Amino acid sequence: MGTGTRSMKDDSDPKLFRLNKPRPRVHGFALLRDIMFIDSHVHFDRFVKDGTFLEILEHAKEAEVLKMLAIGGNSEANRLSLQLATEHPGCIFGCAGYDRDVATESPDLSELRGILKNPLVKAVGETGLDYYYTAETATEQKKLFAENLALAIEFEKPVVVHTRDADEDTFALLRDYATAWRGDPAQLGVLHCFTRETSFARKILDLGLMVSFSGIVTFANADPLREVVKYVPDDRLLIETDSPYLAPVPMRGNRNQPAFVVHVANQLAELKAYSLDSVAKLTAQNARTLFAL
Ligand SMILES: [Zn+2]
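This note's numbering puts the first residue of the sequence shown at 22, with every later residue one more than the last.
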């Protein structure tokens, strides 16, 4: 939740989300343009719990954010992801795994396997290493990350990776993973919410993964990250909100939501000197390729 004082009423003002012109409507149906945004990383738990889920889904549609990946990371989030993917086919897609914060809880891998079998579940994650908050559990984190990667290989589904202050170990495990991967090389995975420097991006790209940018790329102090955007090839770029965290500029102080991914796309468009529609198109195409949407 943001620390700003804006009320929920302000948050839900649809004008805030409409960067594009509204679609022309004929007989009540939207004329389909070939444009949509895909938010590759959403935590829906909070929206479902506080009853705002349908409202934020509506905001997403108004902003032409038409597909979203519902991120898992623990048993509850994994089950919710599959449930939402089942209830909103073609709009919400599943993702299930065990993240570093459950590393000391010996989570149930057979339950995860059962969820990953479902074709609505498109990826494994999020999972990875975070030594910024919990360096003391590094051993358990590495073990759990490796177990997630083994499942990604088994099911030939891409992995959604979190890393913070753990570049070396993350890279070492991902290198082994890339070597063992037997699926489509374009579906290896993504390093989400990228915040590192260009040299690390290069290593990740060389392995074959994609790189996803969140609202952080719009922050005032993110000049080095904006340089990384220019470096990442067009066919490896994804966009995400990581909702409900990290609202982009100019929505700081609000709780983040999938509709705001348009602001991330807008920042990428500025940096690459592309139109917003082009960024929508290419990032949507990349998400479709990676997650087989
Ligand atoms: Zn996340």
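Note that the Cβ used here is the ideal one computed from N, Cα and C, for glycine as well.
The structure presented is a predicted model; accordingly, all values stated were derived computationally and were not measured.
For residue j and residue i, believed in contact at Cβ under 8 Å, the rounded distance
| i | j | result |
| --- | --- | --- |
| I56 | E83 | Rounded, the Cβ-Cβ distance is 14 Å, inconsistent with contact. |
| A98 | L150 | Not confirmed; about 18 Å, so no contact. |
| N319 | D256 | Missing from the structure shown is residue 319; the chain here goes from 22 to 314 and no further. |
| Y252 | T219 | 5 Å |
| I260 | A286 | 5 Å |
| C116 | S102 | 6 Å |
| L315 | F166 | With the chain running from 22 to 314 in the structure shown, residue 315 is simply not present. |
For residue i, the three-state DSSP class (helix, strand or coil)
| i | result |
| --- | --- |
| V3 | The question about residue 3 has no answer here: the residues shown for the chain are numbered 22 through 314. |
| A144 | strand |
| F74 | helix |
| V86 | strand |
| I260 | strand |
| I113 | strand |
| F240 | coil |
| I136 | helix |
| V63 | strand |
| A313 | coil |
| D298 | helix |
| D129 | coil |
| F120 | Going by the sequence as given, residue 120 is Asp instead of Phe. In the structure shown, D120 sits in coil (DSSP, three-state: anything other than H, G, I, E or B). |
| E97 | helix |
| D151 | strand |
Ligand 2 heavy atom lying under 6 Å from the CB of residue i
| i | result |
| --- | --- |
| E147 | This structure lacks ligand 2; its bound ligands are ligand 1. |
Residue i versus residue j - alpha carbon distance
| i | j | result |
| --- | --- | --- |
| S299 | R67 | 31 Å |
| P269 | V63 | 14 Å |
| E161 | D129 | 14 Å |
| D60 | S127 | 30 Å |
| L109 | H183 | The sequence shown places His at residue 109, rather than the Leu named in the question. Those two C-alpha atoms are separated by around 26 Å. |
| L152 | G93 | Residue identity check: residue 152 is Tyr in the sequence provided, not Leu. For Y152 and G93, the distance between alpha carbons rounds to 20 Å. |
| T200 | T73 | 42 Å |
| E177 | L212 | 17 Å |
| T107 | A91 | 11 Å |
| Y266 | S235 | 10 Å |
| E168 | L105 | 25 Å |
| N139 | F114 | 11 Å |
| A301 | M89 | 13 Å |
| R203 | G274 | 43 Å |
| L314 | E157 | 38 Å |
| F192 | K164 | 14 Å |
| T216 | A159 | 20 Å |
| E76 | F58 | 18 Å |
| L78 | E132 | 28 Å |
| S296 | A305 | 14 Å |
| V249 | Q288 | 13 Å |
| K70 | V181 | 24 Å |
| R247 | L292 | 7 Å |
| I237 | G118 | 24 Å |
For the stretch 165-232, which segments carrying the alpha helix (DSSP H) assignment without a break, of at least 4 residues, lie completely within its bounds, in sequence order? 188-201, 219-228
Touching or not, the stretch 234-241 and the stretch 200-208, by the rule of three or more beta carbon pairs under 8 Å? no
Is there contact between the stretch 139-153 and the stretch 161-175, where contact requires at least three CB pairs shorter than 8 Å? yes
On the three-pair Cβ rule with 8 Å, is the stretch 220-230 touching the stretch 266-281? no
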